[in-house]
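Student: Residue numbers (this note's numbering), protein chains in the order written: chain A, 1480 to 1629; chain B, 33 to 187.
All C-beta atoms, glycine included, are put in the ideal place defined by N, C-alpha and C.
Note that the coordinates shown come from a computational prediction; the quantities given were computed from them, not determined experimentally.
I'd like to ask some things about the structure below.
Right, dumping it as structure tokens:
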């Protein structure tokens, strides 16, 4: 099972991908939502590791622990979970079919701006919560460099 | 003799050294020792109590999601309680495709309440809000056979 710092390292690597995807969020909000969710998974697993050394067996166990032990974080995490599930699993039918006429793209449901907000607000708050709990110099995003600006 | 047959009971006592003979409706006959019979009876009682308790909790869950659906009927196209891949999911299909953020927040509040409800625990319930879409679309998410409609004021 990954150690706490391994989860943090994976979160940082995921952030690199997320930063690239965010540049084209209008074209692929479903992948921004999905990658943002998986970064949140690593952050939450790092917190659980910090709390009692445990790993979640699956999404269901992780979700239930968040609901019961950290409901305020669940309120931030649940929209990421739901958005990523819809992005990955809700098929919308072939063009020309009735299915396609009601729901044809993920972006019709959750706009690119709403997805950006999931990253800028929900994911950021989850990251701040985790860093506040764990401390000790554990980072879930690489610090901005001079070249990348503020 | 420890095994007595009265009008009301067949009494099987732990100190009886004889075996117990069973005859089922289909004329299947088998024997168990008294200790095996008592152990089997205990298992059955535990299982019966467990199923009754689970049934009570499922009914409490059904009441909670029905009440929530009714109070949010104006924003809901359909709602389902499903048991799929070993877990309950309260699946809400909103009216319209663009995300109803208030409905999403309310659903997450319900989710937290269910997870903390002494009536519903330890049942685990996931919630999910979907955009309005047709039956084929829904089937890609949770198969029709695993979905049970939750009644609400509007359809």
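Roughly how far, in whole angstroms, is the beta-carbon of residue 1545 of chain A from the beta-carbon of residue 1602 of chain A, given that I think they are within contact range, below 8 Å?
Tutor: The residue labelled residue 1545 of chain A in the question sits at position 66 within the first chain. The residue labelled residue 1602 of chain A in the question sits at position 123 within the first chain. About 14 Å; that fails the 8 Å criterion.
Student: Along the beta strand (DSSP E) that carries residue 158 of chain B, what are the first and last residues, could you check?
Tutor: As a first step, residue 158 of chain B is located in the second chain; it is residue number 126 there, counting from the start. Segment 157-162, the beta strand (DSSP E) holding residue 158 of chain B.
Student: Verify the CB distance criterion: does residue 1629 of chain A have a CB-CB separation below 7 Å to chain B?
Tutor: On the first chain, position 150 is the one that residue 1629 of chain A refers to. Low per-residue confidence applies at residue 1629 of chain A: pLDDT is 45, beneath 50, and the placement is therefore not dependable, though the value from the model is reported in the following sentence. No, no contact with chain B.
Student: Can you check DSSP and say which residues form a bridge with residue 119 of chain B?
Tutor: If you number the second chain from 1, residue 119 of chain B lands on position 87. Residue 119 of chain B pairs with B:116.
Student: Note down, in chain order, all residues in the region 1487-1506 of chain A with a beta-carbon under 7 Å from any beta-carbon belonging to chain B.
Tutor: Hits within the stretch: zero.
Student: For residue 1492 of chain A, count the other beta carbons within 10 Å of its own beta carbon; 16 or more makes it buried, fewer makes it exposed. Which is it?
Tutor: As a working mapping, residue 1492 of chain A is identified with position 13 in the first chain. The residue in question, residue 1492 of chain A, is exposed, as its Cβ has fewer than 16 Cβ neighbours within 10 Å.
Student: What is the DSSP secondary structure of residue 1598 of chain A, reduced to helix, strand or coil?
Tutor: Against the first chain, residue 1598 of chain A aligns to sequence position 119. Correct three-state label for residue 1598 of chain A: helix.
Student: Taking all protein chains shown into account, decide if residue 133 of chain B is buried (16 or more other Cβ within 10 angstroms of its Cβ) or exposed.
Tutor: As a position in the second chain, residue 133 of chain B is number 101, starting the count at 1. Counting Cβ neighbours within 10 Å, residue 133 of chain B comes out exposed, since fewer than 16 surround it.
Student: Alpha carbon to alpha carbon, how far is residue 42 of chain B from residue 61 of chain B?
Tutor: Mapped onto the second chain, residue 42 of chain B falls at position 10. Mapped onto the second chain, residue 61 of chain B falls at position 29. Taking the straight line from one Cα to the other gives about 17 Å.
Student: Over the uninterrupted alpha helix (DSSP H) stretch that includes residue 182 of chain B, give me the two end residues.
Tutor: For the purposes of this step, residue 182 of chain B is taken as residue 150 along the second chain, with counting starting at 1. That residue, residue 182 of chain B, is in no alpha helix (DSSP H); it is neither H nor E in DSSP.
Student: Relative to the C-alpha of residue 120 of chain B, which candidate in B:59, B:49, B:178 and B:183 has its C-alpha closest?
Tutor: Position 88 of the second chain holds residue 120 of chain B. Nearest option by C-alpha distance: B:178.
Student: Compare the Cα-Cα distances from residue 82 of chain B to each of B:162, B:155 and B:164 and report the closest residue.
Tutor: Looking up residue 82 of chain B in the second chain gives position 50. Closest by alpha carbon: B:155.
Student: How would you list, in chain order, the residues of chain B whose beta-carbon sits under 9 Å from the beta-carbon of residue 1569 of chain A?
Tutor: Taking the first chain and counting its residues from 1, one reaches residue 1569 of chain A at position 90. In chain order: 162, 163, 165, 169, 170, 172 and 173.
Student: Thinking just about the alpha-carbon of each residue, which of A:1568, A:1552, A:1505 and A:1485 is nearest to the one in residue 1600 of chain A?
Tutor: Here residue 1600 of chain A refers to the residue found at position 121 of the first chain. Cα-wise, what sits closest to residue 1600 of chain A is A:1552.
Student: Can you have a look at residue 1592 of chain A and say buried or exposed, based on whether 16 or more other CB atoms are within 10 angstroms of its CB?
Tutor: Start at 1 with the first residue of the first chain, and residue 1592 of chain A comes out as number 113. Classification of residue 1592 of chain A: exposed, given that the 10 Å Cβ count is below 16.
Student: Once DSSP output is grouped into helix, strand and coil, what is the label at residue 1618 of chain A?
Tutor: Here residue 1618 of chain A is taken as the residue at index 139 of the first chain, counted from 1. Residue 1618 of chain A falls in the coil class under three-state DSSP.
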